[in-house]
Ligand code: PEP
Ligand code: MN
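In the working numbering, the protein residues as written are 2 to 341.
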């Protein structure tokens with residue numbers, strides 16, 4: 002349920018409603034960063050409580066009380082009508098500018114991550130990515146450098162001034178990873194790991210939530226809702242390709258997800274063309290398509306030496322290819338009224 006306050010409602014009127022929601026035993030959430038306040042009322046609604054809620058119509062400053070039909074609330078446009086824009090270490094994501102997050106699949110050494118960081122920074126990337134805890138299909142494949150990887154990543158962040166994005170796979174590591182990262186990433190395999198989602202939600206750190214390989218768009222939003230219900234509104238949704246019958250690419254890019262998510266939520270949407278295609282040859286086309294379709298950012302794998310990458314070399318761009326792509330993206334962004 003939502004309580005929509007009048008445009009001219011005073012902070013005291015908003016507070017009175019909020020306090021009363023708590024008194025009845027619900028959790029009130031007030032949309033941040035928007036002029037017209039909407040209060041989401043979260044909690045299990047039995048008939049008795051539902052009847053009680055009607056009394057909010059008589060509160061000064063209340064315009065209407067809406068019972069909403071869909072499952073997500075804090076992620077919905079009813080709650081937060083305008084696009085959410087997050088400020089992460091001084092960089093905006095979700096606004097007019099397209100955010101580019103680039104770097105290798107995995108942190109392999111201090112020298113490697115610093116070299117890639119300097120190269121992507123020189124071409125205009127705003128965030129550095131790199132995995133230290135890697136979710137690999139095979140238990141015999143490189144699993145990441147763990148905390149050493151986080152240290153190297155932080156060093157590369159310091160050297161270049163780029164904020165860092167890195168994956169957290171396990172609830173036990175959330176505190177550790179959050180102590181190094183500017184943005185936590187939840188990978189495709191963990192999109193529905195609800196204990197991890199809740200724990201990450203409690204950190205209040207910005208999160209990139211990747212869509213599960215076999216998950217619907219609505220399930221992705223519900224997973225975002227799990228983190229938002231813990232008080233973390235800074236969730237960035239990431240389309241990274243889904244499993245379909247098509248096997249000529251690693252995954253199938255669901256470009257539809259961009260306009261659908263824009264319609265259903267106010268959260269920033271980014272696209273990962275590297276995992277979506279699995280082939281560096283297709284990364285540029287799909288990146289351009291994503292920006293044209295309204296994505297707020299891209300997550301792109303770039304490696305200084307893809308042939309010898311310990312993970313995902315086949316889908317990684319070389320720095321020169323990344324440079325070309327950034328030039329193309331700048332033109333596409335301009336054509337759709339965005340900046341890069
Ligand atoms: C990654 O970003 O390196 C990664 C493992 O992504 P995904 O979870 O989308 O496979
Ligand atoms: Mn990867």
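Note that CB positions come from ideal geometry on N, CA and C, so glycine has one too.
Collapsed DSSP secondary structure at residue i in the structure displayed
i, result
"residue 167", "strand"
"residue 99", "coil"
"residue 258", "helix"
"residue 104", "strand"
"residue 247", "coil"
"residue 285", "helix"
"residue 189", "helix"
"residue 175", "helix"
"residue 275", "helix"
"residue 331", "helix"
"residue 72", "coil"
"residue 317", "coil"
"residue 135", "coil"
Element boundaries [alpha helix (DSSP H), containing residue i]
i, result
"residue 154", "148–161"
"residue 120", "111–123"
"residue 372", "The first residue shown for the chain is 2 and the last is 341, placing residue 372 beyond what the model contains."
"residue 344", "No statement about residue 344 is possible, as the shown extent of the chain runs from 2 to 341 and does not include it."
"residue 130", "Unbroken run through residue 130 is the beta strand (DSSP E), 128–130; no alpha helix (DSSP H)."
Closest residue to residue i among the options (Cα-Cα distance)
i, options, result
"residue 39", "21, 26, 78 and 72", "78"
"residue 105", "331, 215, 338 and 281", "281"
"residue 149", "167, 140, 279 and 161", "167"
"residue 274", "151, 321, 140 and 255", "255"
"residue 28", "16, 101, 36 and 41", "41"
"residue 185", "239, 63 and 247", "239"
"residue 270", "19, 101, 177 and 5", "101"
"residue 85", "267, 65, 156 and 305", "267"
"residue 122", "303, 272, 217 and 314", "303"
Bounding residues of the beta strand (DSSP E) (the contiguous stretch that carries residue i)
i, result
"residue 342", "This structure does not reach residue 342, given that the chain is present from 2 up to 341, and the question cannot be answered."
"residue 14", "First-last for residue 14: 12–25, but that is the alpha helix (DSSP H), not the beta strand (DSSP E)."
"residue 49", "Segment 48–54 is the alpha helix (DSSP H) holding residue 49; no beta strand (DSSP E) there."
"residue 88", "87–89"
"residue 35", "Segment: none, residue 35 is in no beta strand (DSSP E) and carries neither H nor E."
"residue 211", "208–211"
"residue 338", "Where residue 338 is concerned, there is no enclosing beta strand (DSSP E), given that its DSSP letter is neither H nor E."
"residue 65", "63–67"
"residue 239", "236–240"
"residue 3", "3–6"
Sequence-distant residues of the same chain with beta carbon closer than 8 Å to residue i, five excluded per side
i, result
"residue 69", "2, 3, 77 and 79"
"residue 226", "72, 73, 74, 75 and 76"
"residue 158", "118, 129, 164, 165 and 183"
"residue 18", "4, 6, 29, 40, 57, 60, 62 and 63"
"residue 23", "29"
6 Å CB neighbourhood of residue i in its chain, flanking five on each side removed
i, result
"residue 311", "107, 109 and 143"
"residue 285", "326"
"residue 67", "3"
"residue 231", "199, 202 and 203"
Same chain only: Cβ atoms within 7 Å of residue i, ignoring 5 sequence neighbours per side
i, result
"residue 324", "124"
"residue 172", "196, 197 and 200"
"residue 294", "256, 259 and 260"
"residue 247", "253"
"residue 135", "107, 143, 144, 145 and 312"
- prompt: Taking three-plus beta-carbon pairs below 8 Å as touching, is the segment 59–77 in contact with the segment 108–126?
  reply: At 8 Å Cβ cutoff, the stretches do not touch.
query: Using 8 Å as the threshold, is the segment 45–53 in touch with the segment 8–16, meaning 3 or more CB pairs across them?
result: Not touching, per the Cβ criterion.
- request: Take every Cβ of the segment 202–209, pair it with every Cβ of the segment 51–59, and state whether three or more of those distances are shorter than 8 Å.
  value: The segment 202–209 vs the segment 51–59: no contact.
task: Flag this pair as touching only if the segment 86–95 and the segment 129–138 have three or more C-beta atom pairs under 8 Å; answer yes or no.
output: Flag = no, the segment 86–95 and the segment 129–138 do not touch.
- prompt: Would you call the segment 287–302 and the segment 215–229 touching, i.e. three or more CB-CB distances under 8 Å?
  reply: No contact exists between the segment 287–302 and the segment 215–229.
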